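All the letters of the sequence shown, read from the start, carry residue numbers -11 to 240 under the working numbering.
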Amino acid sequence: MTAAERHRILIEPDREGLARRGVSLFAQSARAAIKSRGRFMVALSGGSTPGDMHRMLAREPHVSTLPWDRIHLFWVDERCVPVHDPASNYGRARRDFLDRIPVSSSRVHPMPGHLPPETGALQYRKVLSTCFELGKNEFPLFDLIFLGMGKDGHTASLFPGHPALQEKKEAVLAVRGGQPNVPRLTLTIPVLIRAAKIVFMIRGRNKAHTLKTVIRDREAHLPAQLIRPRMGSLIWLLDREAASRLEKGNRP
Ligand code: 6PG
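See below:
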């Protein structure tokens, strides 16, 4: 497949449509992965955008029909704060859906934001190595990764100009930045680009300008532009507001 064929833009009219399409992509990828490999390895992002989708996963029909006993949940990044802190991505996911779906804690792999950052990064590398049965210098191959994008073009906790963007060896790094500006753990580019499917879920007019730059301006070098799937596909899942500055010609 050419790069253009591997990239798709899906525009939904509103938040409800965005969440619904996100759930549909989650379910499709889960069923395909489980059919071919017996399990589904998915990494979730934090921030506010995925919340509608997460809450929808915890409602009928999905809470009763998704094959939760074969689904393994990971995170793309985490703020190094206690789980009960409102900034915790895992804590937010617990409130949004984890506490209401029939998934065993043995298949929920939060990043250890409660540990000292470097210790947490080391521990999550070990979690990935065990869960994906990695050999030396191997990276985990996720079936699906959901990513968000900040107004500055960051994704995960990979911020513009940060040395973490150049990481080629480690799957997980401890960094600092973003809003809130706290220590964080993040998956690195080598992991993100190896996913079978990457879905950028982006909502809101405040992202429209950055999104147009990310998709059109090859010289901008924003973190979100570095997410070029090696073999998989990339879907820009947008609401109409986020897509408001995209014309036909801006499509990858
Ligand atoms: C984080 C996220 C981050 C997020 C974007 C968009 O922990 O901050 O993983 O990368 O996806 O900042 O956040 P919103 O969805 O809140 O706009």
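Heads up, the beta-carbon is just placed ideally off N, CA and C, and yes, glycines get one too.
These numbers come from a predicted model, not from an experiment.
Query                                                                                                                                                                                         : Result
Quick check: the stretch 186 to 196 against the stretch 218 to 229, are at least 3 beta-carbon pairs closer than 8 Å?                                                                         : yes
Taking only runs of the beta strand (DSSP E) that begin and end inside the stretch 44 to 101, which ones reach a length of at least 3 residues, in chain order?                               : 59 to 63 and 65 to 67
Measuring only from the beta carbon, is Asn169 closer than 8 Å to any heavy atom that is part of the ligand 6PG?                                                                              : no
Can you check whether the CB of Leu173 is closer than 9 Å to the CB of Gly123?                                                                                                                : no
Look at the alpha carbon of Arg239 and the alpha carbon of Asp131, and state the distance between them as a whole number of angstroms.                                                        : Any reading at Arg239 needs caution, since the residue's pLDDT is 49, under 50, leaving its predicted position unreliable; the model's value is listed next. Cα to Cα, the separation comes out at about 24 Å.
Rounded to whole angstroms, what's the CA-CA distance from Tyr78 to Asp205? Just pull it up for me.                                                                                           : 33 Å
Keeping to the same chain, check which residues put their C-beta closer than 6 Å to that of Glu0; ignore five residues upstream and five downstream.                                          : Leu6, Arg9 and Asp227
According to DSSP, is Arg41 part of a helix, a strand, or is it coil?                                                                                                                         : Before going on, a small fix: residue 41 reads as Met here, not Arg. Of the three classes helix, strand and coil, the one that applies to Met41 here is helix, per DSSP.
Verify whether the separation of the beta carbon atoms of Met29 and Phe62 is less than 9 Å.                                                                                                   : yes
Is Ala144 a contact residue of the ligand 6PG, with contact defined as CB to any heavy atom under 8 Å?                                                                                        : yes
Starting from the C-beta of Phe85, find all residues in its chain whose C-beta is less than 7 Å away, skip the five residues before and the five after it, and write them out in chain order. : His42, Arg43, Leu45 and Ala46
Pull up the CB-CB distance for Gly166 and His142, whole angstroms please, since I reckon it's below 8 Å.                                                                                      : 7 Å
Less than 8 Å between the CB atoms is what I'm expecting for Ala162 and Glu106, so what's the real figure, rounded?                                                                           : 5 Å
Of the residues Glu229, Ser232, Arg233 and Gly220, which one's Cα is nearest the Cα of Arg(-4)?                                                                                               : Gly220
Just list the residues that DSSP pairs Ile22 with in beta bridges.                                                                                                                            : Answer by DSSP bridge pairing: none, since Ile22 is not bridged.
Report the residue from Ala159, Lys185 and Thr37 whose alpha carbon sits nearest the alpha carbon of Ala21.                                                                                   : Lys185
Considering only residues of the same chain and omitting the five flanking positions on each side of Val64, which have a CB-CB separation below 6 Å?                                          : Ala31, Ser33, Ala144 and Leu175
Given Met(-11), which residues of its chain have a CB within under 7 Å of its CB, disregarding the five upstream and five downstream residues?                                                : Below a pLDDT of 50, predicted positions are generally treated as unreliable, and Met(-11), at 48, falls in that range; the measurement from the model is reported next regardless. If we look at Met(-11) and ignore the five residues flanking it on each side, it has no Cβ neighbours.
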